[in-house]
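Numbering (my numbering), first residue to last: 323 to 544.
Here is the structure we will look at, set down as C-alpha cells.
Structure below.
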C-alpha cells in the first residue's frame, strides 16, 4: 500500500533521525558517524556515554545493530558495520522490557502491540538464539488501552512520513516516550497484530485499498 516515497523515508534511519530532530519529537540521543572521520568516535562516545547502540541506516529485524559498552567494542563494531555503510547511527542505549508497535493507516491508529525482548537478550530478535527464543513474546491491546502519549507520538511521527500503512516502534520509560523507527508495510500476522480486532483489522486495510483504487479510477492522485 505504501508509496515509494514512504518506503524510502522509512528505510533510511538517517533521514528519520533528522526528521524527528527537526520537529522536536522524542527519540533516544543520536549522532551520525562518518567512515572518513574516525577521529570523531571518541567524541561521540563521550557525548552520548556508554552503552551505545550502533546501527546501519537501512537495517531491519534487529540486523545491522550492535550494542557496545566500551571504546574497544565501539571500534570493533564500527569497523564491521562500515563494511556495509559509510554512515552509521550511534544511539544512547534505551532499555525497556518491550517495545510498543502502533499501527497507523491513513493517519489513524488501528492496532497497538507490545513486542517483548527475546529471552535473556536486549532486542526483540536474537539471531544467535535457537528455536522459540529467537523472538520475544507479543501482546496486542485495543488502541485506547495503550498509553495516550505513545499513540500520540506514533501518530505525529507517521503523519510526517505520509498517509500509508506504517508500524511505529516506540519505547516508554516513566514519562519519557521515544520513537525507535517507522516501518513501512508492517507485519499483520495472524494471532499477533490481529489478536484484538481479528478479521476487522484486515477489513480496515481492504477498505482503504478500495477507497484508494476508487480515487485512482476517478483520476485523483493516490
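For each residue, glycine too, the CB sits at the ideal point set by N, CA and C.
Complete beta strand (DSSP E) runs within the segment 494 to 542 (minimum length 3 residues, chain order)
Listed in chain order, they are 498 to 506.
For residue 462 and residue 361, I'd like the C-alpha separation in whole angstroms.
45 angstroms
Can you give me the Cβ contacts of residue 377 inside the same chain, cut-off strictly under 7 angstroms, excluding the 5 residues immediately before and after it?
335, 386, 387, 410, 411, 413
Take the Cβ of residue 430 as the centre, count every other Cβ of all protein chains shown within 10 Å, and call the residue buried at 16 or more, exposed below.
exposed
Cross-strand partners of residue 438 (DSSP beta bridge)
420
Quick one, which of 345, 472, 439, 478 has its alpha-carbon nearest residue 459's?
439
Residue from 398, 390, 500, 433 whose Cα sits closest to the Cα of residue 418
500
Just verifying my parser: in three-state terms, what is the DSSP assignment at residue 395?
helix
Under the three-state reduction of DSSP, which class applies to residue 412: helix, strand or coil?
strand
Only counting the same chain, and skipping five residues up and downstream in sequence, which positions put a Cβ closer than 6 angstroms to that of residue 434?
424, 463, 465, 468
For the 8 angstroms Cβ check, are there 3 or more pairs between the segment 389 to 405 and the segment 365 to 372?
A contact exists between the segment 389 to 405 and the segment 365 to 372.
State the CB to CB distance for the pair residue 324 and residue 487, rounded to an integer number of angstroms; the pair is presumed to be in contact (CB under 8 angstroms).
6 angstroms
Should residue 339 and residue 352 be called a contact, given that it needs their Cβ atoms to be closer than 8 angstroms?
yes
Which residues bound the alpha helix (DSSP H) around residue 404?
Careful: residue 404 lies outside any alpha helix (DSSP H) and carries neither H nor E.
Smallest Cα separation from residue 427: which of 537, 528, 538?
528
Reference residue 511, options 502, 495, 497, 489, closest by Cα:
489
Distance check for residue 357 and residue 542, CA to CA, integer angstroms please.
44 angstroms
Run of the alpha helix (DSSP H) containing residue 457, from where it starts to where it stops
Unbroken run through residue 457: none, as it is neither H nor E.
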